[in-house]
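Here's the structure we're looking at; comments come further down.
Residue numbers (the working numbering), protein chains in the order written: chain A, 1 to 384; chain B, 1001 to 1384; chain C, 2001 to 2294; chain D, 3001 to 3294.
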């Protein structure tokens, strides 16, 4: 999930002919001053933190400036912010426009109906989740036929626009649909979409590119703003790895099994800190790699839960034993292993030989790992 | 039906990234010499008449030149030709390439299956109608999903190409499909498609744009090379008007009825010279316009056959009477009128009042108009 | 239902406020068709000849229960109109509009088909079942209730033939004009099974013309699947190759689509072939007289 | 046929010469599946584990009569592979491949649907009916013939649950893994009627996970149309919002897709809900013991 910063989203919009305000992205107060002085950002201007979280207006992350000095000052204040846990590194300066009305449009995926879904509302500029369903138009787009003229008429009617504004909206919707398809987006959202003079203009831009389509979009390889450093490494190694709030690491094979393991752990009072799905692998090296990555997250304890299918239990055991040798002293953790399924006996045997006890009962294992994490003492598994 | 000359087709191909030989189109021997001298056409070169009919090679309309003087000479010879009734006005000069093999590809419409049909053959450079069905691959293209990778594999296999040539062919096929769709083509044909070195290149280009899509392609408004001057006027007036080999003009309403009238006329020894389908109109001015156009074709006699439906008989009669007043003396013609259907009695009355007799029996009318044409004498209808 | 329409057919007219839309709304109503709604974007709330006009087909369907559409919308907008109708749940659409680019019609056809909707046309006179319903523009005066089914690629020529059947003292079960374009939503092969299955049809008149292979396809189908007598006529025997004869679809291209090929195929399939349209009524009468199914 | 596959199922493996394709061809054959063909473009004429390899699905279907496909082709080429299979007449395709862009899957889904073909997956373990046929990658060892139907969005978790049912002394009629992607060819709502109609299934185990509304949709369907007992489990109660939990589809987005919402809906629809996967076998046994249909 590649969430693009507002300015990147707007760059894409601009390249597809979707109107956006004139502006510039800067990384220092000095550059903010220059942008305002040079006229590349007309004054008065809006100064916005480029962070992925919403609610910037209320959080002091959006300011206004009517001089180059004020622009620099606003940029300085915003660059000093840590907004909802995210350090502000970039600031977008944009011309301040005379807004007649704020609307909402987006295209996302309707999973149940298996179609792209266009949503539009005359109530823009607020969180769309707070808008009443009756004030939200939903239009299902046929992925083959694309956005149809009659569907655009419905949107215009719902937004209450006509004449040249409607013509401008029609063009914007056509392009937004093309962005959604061509850029392999999960979401393209314009909130607010402003009516300014005779046309519409995208005041904000939220674009999320689908991870699985990354092979078609090498230009986004460097843009992974919302990942932790370890998650980023995991992505490169093609390991499903999610950092959570707790302290216990969970390694399992298969997303469903990993989630279920998290659930059991939570039930017995544990707090999961890492979700690591080994997936279907029969390469011990992949398993070793995953364990070393887990160690880097410094868990209080680790719960390994394997059901051998495509991934054989002995493969996992071999990989684990290799990993145990490589984990630095400082990064070692208590380990509880549960192994079931394909080549179960052989796997347990390999682990035992390496000094790792392994069991088969999920409940007992969960209780053990919670205890191990709590006391940092070596419970039924071995200390790695 | 806008049949584009080879050089126009190649210009379109080039704009879509389909490889074509380097070349230049000229309208005089002098320009041919200059093109060869300047190097814009590398020597030796091929000099080809830009006419719409096929079989140029055998007809002396394709020559070769290895010097600017020879190019001028070849151009002069070709510009002096009248090729299958068509005066040669343009000559295409192109680099002569080292051809390893000649292939065939085209995309057209399969009316029965309602899909675009890609055809490919390893036997290129000959009339595709002469190629055995077993040597011709047919691939139906889904208009929504487009040309698929596996379909291109089938084409490559049928043409016996692999490696870089196949890669080049794949790109060409993708673009050919886009041309077919984007340009609203009825036919895009490359015959021969040549293998030159590591790639494929379109040695010829046949592109036919669909008439009904003209509103999307104003750029082709001036390109109607295969119409007679009267047919061109008819198109502008939105009258279905086709000039044929014979001398009797037929005006009817509806394509089927007009064709059937032609058939009856032919059956009784007449030779139709103009097919004019009034279509469904209830505007007498349109009828007048059609008659004046018919007069310009100088028919020996005219057969008017109306079945009143959407087009009412009295409307046609009124339009006809107005036309009769306006047709210049020199362009007048014997007229046989048959009128049936909606407001039949009123139509006959109007015509009678204007001195035109009208009947209802198709067979009799056909016989009369044939006789009138033969003798140029006024038979049951009136002389206009 | 006879073939496709009956007295339960409720029609929405798309493009009702245009000249043609209005004229034929009047004619359809005079025929007895339940024209329940019209659609012209931006003119919702008005009325045409007593028929309420809506801004969208969806509105029209929800408020009036329309289940068939008759489309008069100009060619550049016809594709959108048809797709709108299909999305609104319409499962029978008669597209009268002519000059629709065939690339648009390919989209219309496959879109409709994947949703179980049927298109008649484009560039067609539509469908009429005397005494029941008419969706389209066939003149009311030519009809007379009876047991002859008519399927045709032509417009006016069909009126002439249908009228001839009437004047011969016979009548029609359903008349269906498929349209003269190269890509049609319903072809002879699609229409023949409907007439074959229709208990109110004793004989089918098939009116073809040059261009394409619809008649050859029909001949193959008739030979295999049609038990009822077929009388056929094909216009364009005297047409030269390479020329579009009025209809976009009426062209002999690359040696294909000649009248001769079609007539031969139909004759070989057991159809009775008329040389001229005015022969059809007598052939029909003779066939019906001889037919055991009468 | 039980549900979707039976001993008449003849499988072509697309991507058979890849590591996964080969391994699972062996496993499917060991299960008893009729794997009749493989396809890898450019490798036609060779053999993999005694299975003939063809250059195209069309070749494979024509020469072997294959009627189902199991697709292991890498994500960038999977769309083409599926469309090729559908065009060759395949009407059941199990797409094992993961990481297919959902925009590609939208095309695959609508293309297949308009041609009457069913996709299972992508990113799925496939389908297995013990004693009959298996198309996909579910480990053979977990199966035992019986009367419990299993429908799941998970892979390994399903193996664990199916294995648990076996170890409890029960068996399965058909196990169906729908896949963990946001867009799947067959959803719970699509699969439930098959199990409801299947005379060999007495009870359905439904294994869901967070993300989307497939379980809520299923609950609505169960309430209205399913008479057989349903035991349900939903993974991900402890997952935080906004994070993709391994599966592309397993994400709580904008407040939607929580386990709580799904569990409530299923419970309200009359399903018996398990808090943990290891509770399922006992719940199933109890329900079957109490069930009149047994």
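Ideal Cβ positions, reconstructed from N, Cα and C, are used throughout, including at glycine.
Asked	Found
Please list the partners that residue 2209(C) has in chain B, where partner means a Cβ-to-Cβ separation under 8 Å.	1255, 1256, 1259
Using DSSP bridges, identify the partner residues of residue 138(A).	119(A)
Comparing the CB of residue 70(A) with every heavy atom of the ligand ATP, is any distance shorter than 7 Å?	The model on display carries no ligand, and the ligand ATP is accordingly not part of it.
Please list, in chain order, all residues of the same chain as residue 3007(D) whose beta carbon is under 7 Å from its beta carbon, the five residues on each side excluded.	3132, 3133
Please state whether DSSP places residue 2138(C) in a helix, a strand or coil.	coil
Do residue 3157(D) and residue 3277(D) have their C-beta atoms within less than 8 Å of each other?	yes
Thinking C-beta only, is residue 1161(B) closer than 8 Å to residue 1195(B)?	yes
Assuming residue 2091(C) contacts residue 2116(C) (C-beta within less than 8 Å), just tell me the rounded distance between them.	6 Å
Step through the CB atoms of chain C and report whether any lies within less than 8 Å of the CB of residue 1130(B).	no
Are the C-beta of residue 341(A) and some C-beta of chain D separated by less than 8 Å?	yes
Are three or more beta carbon pairs between the segment 3234-3242 of chain D and the segment 3251-3267 of chain D nearer than 8 Å?	yes
Residues of the segment 1154-1167 of chain B with a CB closer than 8 Å to any CB of chain D: list them in chain order, please.	1154, 1157
Could you say which of 1144(B), 1080(B), 1119(B), 1142(B) lies nearest to residue 1132(B) if we only look at CA atoms?	1119(B)
Apart from the five residues on each side of it in sequence, which residues of its chain come closer than 6 Å, Cβ to Cβ, to residue 280(A)?	310, 311
Report the option in 2(A), 13(A), 94(A) whose CA atom is closest to the CA atom of residue 37(A).	94(A)
Under the three-state reduction of DSSP, which class applies to residue 3127(D): helix, strand or coil?	strand
Could you name the residues of chain B that residue 2137(C) contacts, counting a contact when the two beta carbons are closer than 8 Å?	1280, 1309, 1310
What do you reckon, are the CB atoms on residue 2071(C) and residue 2015(C) nearer than 8 Å?	yes
Return helix, strand or coil for residue 89(A), following the three-state DSSP convention.	coil
Residue 1024(B) by DSSP, collapsed to three states: which one?	strand
For the beta strand (DSSP E) containing residue 50(A), name the first residue and the last one.	Run containing residue 50(A): none; DSSP gives neither H nor E here.
Determine the contact status of residue 277(A) and residue 3246(D), defining contact as a CB-CB distance below 8 Å.	yes
Mark residue 384(A) as exposed unless 16 or more other C-beta atoms lie within 10 angstroms of its C-beta, in which case mark it buried.	Low local confidence applies: a pLDDT of 45 at residue 384(A) is under 50, so the model's placement there is unreliable, with the coordinate-based value given in what follows. The residue is buried, with at least 16 neighbouring Cβ atoms inside 10 Å.
Would the beta-carbon of residue 1187(B) fall within 8 Å of that of residue 1121(B)?	no
What is the DSSP secondary structure of residue 2205(C), counted as helix, strand or coil?	strand
Out of curiosity, what's the CA-to-CA distance linking residue 1129(B) and residue 2195(C)?	36 Å
Curious, which full-length alpha helix (DSSP H) runs of at least 4 residues does the segment 2180-2268 of chain C contain?	2188-2197, 2214-2225, 2259-2268
Identify which residue in 1327(B), 1329(B), 1348(B) has its Cα closest to the Cα of residue 1318(B).	1348(B)
Check whether chain A comes within 8 Å of residue 2162(C), counting only Cβ atoms and requiring the distance to be less than that.	no
Step through the CB atoms of chain D and report whether any lies within less than 8 Å of the CB of residue 418(A).	Any answer about residue 418(A) is impossible in this case: the structure gives chain A only from 1 up to 384.
Under a CB-based cut-off of 8 Å, is residue 1215(B) close to chain C?	yes
Alpha carbon to alpha carbon, how far is residue 88(A) from residue 49(A)?	6 Å
Would residue 144(A) count as contacting chain D if we go by Cβ distances under 8 Å?	yes
Pairing CB atoms from the segment 27-35 of chain A with CB atoms from the segment 74-86 of chain A, are three or more of them under 8 Å?	yes
Residue 106(A) versus chain D: which residues are under 9 Å apart at the beta carbon?	The premise fails here: residue 106(A) is roughly 11 Å from chain D at the closest Cβ pair, so nothing lies under 9 Å.
Below 8 Å between beta carbons is the criterion; list the residues of the segment 2055-2089 of chain C that meet it against any residue of chain B, in chain order.	2075, 2076
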